[in-house]
Amino acid sequence: MGQLSVSVVTLGCAKNAVDSDIMKDILNSNRYNVEEDTNKAEVIIINTCGFIEAAKQESINTILDLADLKQTGQLKYLIVAGCLAQRYKEELLQEIPEIDGIVGTGNFSDIHNLIEECKAGKRPAYTGHPAVSYDEFASFHKNRKPGPSAFVKISEGCNNHCTFCIIPSLRGEYRSRTIESIYEEVVALSEKGTKEINLVAQDSSLYGFDIYGKPEIAQLLRKLNSIDGIEWIRLLYTYPGNLDDELIDAIADLPKVCKYVEIPLQHSEPKVLKLMNRPGQNKDIKQLISSLRNRIPDVTIRTTIIVGFPNESNEDFENLKQFVAETQFDRLGVFTYSKEEGTAAAKLTGHIEHGIKEKRAAEIMEIQRKITELRNSRHIGKVLPVLIERAEAGNTFVGRTQYDAPEIDSEIYVTGESIQVGEIVPVKITHALDFDFSGEVQYVKPSK
1 MGQLSVSVVT
11 LGCAKNAVDS
21 DIMKDILNSN
31 RYNVEEDTNK
41 AEVIIINTCG
51 FIEAAKQESI
61 NTILDLADLK
71 QTGQLKYLIV
81 AGCLAQRYKE
91 ELLQEIPEID
101 GIVGTGNFSD
111 IHNLIEECKA
121 GKRPAYTGHP
131 AVSYDEFASF
141 HKNRKPGPSA
151 FVKISEGCNN
161 HCTFCIIPSL
171 RGEYRSRTIE
181 SIYEEVVALS
191 EKGTKEINLV
201 AQDSSLYGFD
211 IYGKPEIAQL
221 LRKLNSIDGI
231 EWIRLLYTYP
241 GNLDDELIDA
251 IADLPKVCKY
261 VEIPLQHSEP
271 KVLKLMNRPG
281 QNKDIKQLIS
291 SLRNRIPDVT
301 IRTTIIVGFP
311 NESNEDFENL
321 KQFVAETQFD
331 RLGVFTYSKE
341 EGTAAAKLTG
351 HIEHGIKEKR
361 AAEIMEIQRK
371 ITELRNSRHI
381 GKVLPVLIER
391 AEAGNTFVGR
401 TQYDAPEIDS
411 EIYVTGESIQ
421 VGEIVPVKIT
431 HALDFDFSGE
441 VQYVKPSK
């Protein structure tokens, strides 16, 4: 086995990035040479997203673009992995002859065997039922090569069955890792210099219910809070119906847990939420937000909204705009509804024209732009710890505070000397832009 150079291209969410890291470790352990530059790779694995139409199109375009390397580069075998592969195995193999193999969401542990079959002249497709347990990969988790910030997947699958979402059929039922397995991975990451841990799942607030009999996410946070070297622990993807007082108290009280809560509400109106199969009424959501801000005064709250869902009336949308304006979320992302085959929402009547959906999304984001600028301005003049993630030209660096998640939230442009990527430094916030910040490093004078 091994010897071939392999490049893994990751599309989609942070959970996909974790899967890609595990595949890289499996390939390394089987003597393949993992190569970052796709132009130099003999094998390319594209870990795809198939969640919404835009993500599917990005995946297809990437496959077609990289397939050209069979003519212009060293590429011998093109493998498609992830959600698109799980969902459209037959169509991909039929429509794109350059694809040499398919590996779905529950079979990436066999990636090395699949490559060997490709080398033997076969065109394998591994897309069995997605029932993988991430505790099986504990040793690979420990071998990850992280940066200053790392994503850690605490569970796989989802039991919520929102009517717009295909994830349960692609990823299977909810399956938690053990607290011990996650703890060991985070210890290993801390020993390699990682400062920030981002816990990801389809519903992180439900973590542990399947193996411990009840959600134990607060207990997991308490356990991880004790690990030396880890400075920030960020919890992502918390389902509003499962965000209870115990979890809120853990976020408020544990010093290493970021004062940051991501709650994908999707909408404010009871009628639309019912059609989405999402629990909660408008007043319950407002009560939850109020509880969070009372218990954690400096909390940053992020949400996502779907506009243009079937039967979303003009009145529903106007109420949603008012809700966004009144609630003053610190961070907010908007998706236009995507009609996905195999979902209950696709069968609904009352689908909305594309142009109307785009217009509604733009209106929400314009409201949020002003809110984010106002919310960000409260940090002007403060000195905040900033995790430095990359260097720019001159003495400019880019990082984040604990109030912003990687890849999706605000960044801060920092000026200063003798700054190292990967360290956390005190920065005085000087400007708050629409969505980003600028600031200056505050050097600590040595005591005389």
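For the sequence shown, the UniProt record's numbering gives the first residue as 1, with consecutive numbering after it. Positions of the beta carbon are idealized from the N, C-alpha and C atoms, including for glycine. The structure presented is a predicted model; accordingly, all values stated were derived computationally and were not measured.
With 16 other Cβ atoms within 10 Å as the buried cut-off, status of residue i
{"i": "Ala325", "result": "exposed"}
{"i": "Asn16", "result": "buried"}
{"i": "Ser447", "result": "Because the pLDDT at Ser447 is just 42, under 50, the model does not fix this residue reliably, and the point stays unresolved."}
{"i": "Asn395", "result": "exposed"}
{"i": "Asp37", "result": "exposed"}
{"i": "Tyr443", "result": "exposed"}
{"i": "Lys382", "result": "exposed"}
{"i": "Ala14", "result": "buried"}
{"i": "Ala432", "result": "buried"}
{"i": "Gly355", "result": "exposed"}
{"i": "Gln57", "result": "exposed"}
{"i": "His161", "result": "exposed"}
{"i": "Asn294", "result": "exposed"}
{"i": "Leu199", "result": "buried"}
{"i": "Lys122", "result": "exposed"}
{"i": "Gly12", "result": "buried"}
{"i": "Gln71", "result": "exposed"}
{"i": "Gly193", "result": "exposed"}
Proximity to residue i [Cα-Cα], best of the options
{"i": "Ile424", "options": "Glu196, Pro264, Phe164", "result": "Glu196"}
{"i": "residue 450", "options": "Gln74, Gln71, Ile46", "result": "Absent from the model: residue 450. The displayed extent of the chain is 1 to 448, so no value can be given."}
{"i": "Pro426", "options": "Ile388, Thr396, Glu407", "result": "Ile388"}
{"i": "Tyr88", "options": "Ile102, Lys76, Tyr77, Glu98", "result": "Ile102"}
{"i": "Thr127", "options": "Glu90, Ile179, Asp409", "result": "Glu90"}
{"i": "Pro270", "options": "Leu247, Ser313, Asn294", "result": "Ser313"}
{"i": "His351", "options": "Gln368, Arg360, Pro310, Glu318", "result": "Pro310"}
{"i": "Ser59", "options": "Val421, Tyr337, Ala125, Cys49", "result": "Cys49"}
{"i": "Leu93", "options": "Leu64, Glu116, Asp110", "result": "Leu64"}
{"i": "Lys259", "options": "Tyr239, Gln402, Ile367", "result": "Gln402"}
{"i": "Asp203", "options": "Gly241, Leu220, Ser190, Glu185", "result": "Gly241"}
{"i": "Thr349", "options": "Ile380, Asp210, Gly308", "result": "Gly308"}
{"i": "Phe435", "options": "Arg234, Arg369, Ile419, Arg378", "result": "Arg369"}
{"i": "Gln322", "options": "Ser176, Arg360, Ser291", "result": "Arg360"}
{"i": "Val80", "options": "Gly73, Ile96, Gln71", "result": "Ile96"}
{"i": "Ile22", "options": "Asp110, Arg378, Asp100, Gly73", "result": "Asp110"}
{"i": "Ala188", "options": "Thr178, Gly229, Glu156", "result": "Gly229"}
{"i": "Glu216", "options": "Ile154, Ser418, Ala67, Pro146", "result": "Ile154"}
{"i": "Ser226", "options": "Thr336, His112, Ile305, Val186", "result": "Val186"}
{"i": "Leu254", "options": "Leu265, Ile233, Tyr239, Pro264", "result": "Ile233"}
Straight-line Cα distance separating residue j from residue i
{"i": "residue 449", "j": "Gly172", "result": "Here the chain comprises residues numbered 1 to 448, so residue 449 is not present and cannot be evaluated."}
{"i": "Tyr413", "j": "Tyr212", "result": "43 Å"}
{"i": "Asp330", "j": "Ile301", "result": "5 Å"}
{"i": "Ile371", "j": "Leu236", "result": "21 Å"}
{"i": "Pro297", "j": "Leu332", "result": "19 Å"}
{"i": "Lys428", "j": "Tyr183", "result": "33 Å"}
{"i": "Val6", "j": "Glu246", "result": "45 Å"}
{"i": "Phe317", "j": "Lys40", "result": "50 Å"}
{"i": "Thr303", "j": "Cys118", "result": "43 Å"}
{"i": "Lys256", "j": "Thr343", "result": "39 Å"}
{"i": "Asn28", "j": "Leu114", "result": "15 Å"}
{"i": "Val8", "j": "Val152", "result": "18 Å"}
{"i": "Arg222", "j": "Glu411", "result": "28 Å"}
{"i": "Phe397", "j": "Gly439", "result": "10 Å"}
Beta-bridge partners of residue i, as assigned by DSSP
{"i": "Gln266", "result": "Ile305"}
{"i": "Lys199", "result": "A small correction: the amino acid at residue 199 is Leu; Lys does not occupy that position in the sequence shown. Answer is Val152, Leu235, bridged to Leu199."}
{"i": "Pro385", "result": "Pro426"}
{"i": "Tyr431", "result": "The amino acid at residue 431 is misidentified as Tyr; the sequence shows His. Looking at the DSSP assignment, His431 forms a beta bridge with Ser438."}
{"i": "Tyr413", "result": "Val398, Ser438"}
{"i": "Tyr174", "result": "Paired residues: none, contrary to the question."}
{"i": "Val257", "result": "Ile233"}
{"i": "Thr349", "result": "Paired residue(s): none; Thr349 is not in a bridge."}
{"i": "Thr336", "result": "Val307"}
{"i": "Ala393", "result": "Paired residue(s): none; Ala393 is not in a bridge."}
Test: residue i CB closer than 8 Å to a CB of chain B
{"i": "Lys359", "result": "As a matter of chain content, chain B is missing from the structure shown, which is built from one protein chain."}
Contained alpha helix (DSSP H) runs [length at least 4] in the stretch 274 to 311, N- to C-terminal order: 282 to 295
Enumerate, from N- to C-terminal direction, the unbroken beta strand (DSSP E) stretches of 3 or more residues contained entirely within the UniProt domain "MTTase N-terminal" (4 to 120). 5 to 10, 43 to 48, 77 to 82, 101 to 103
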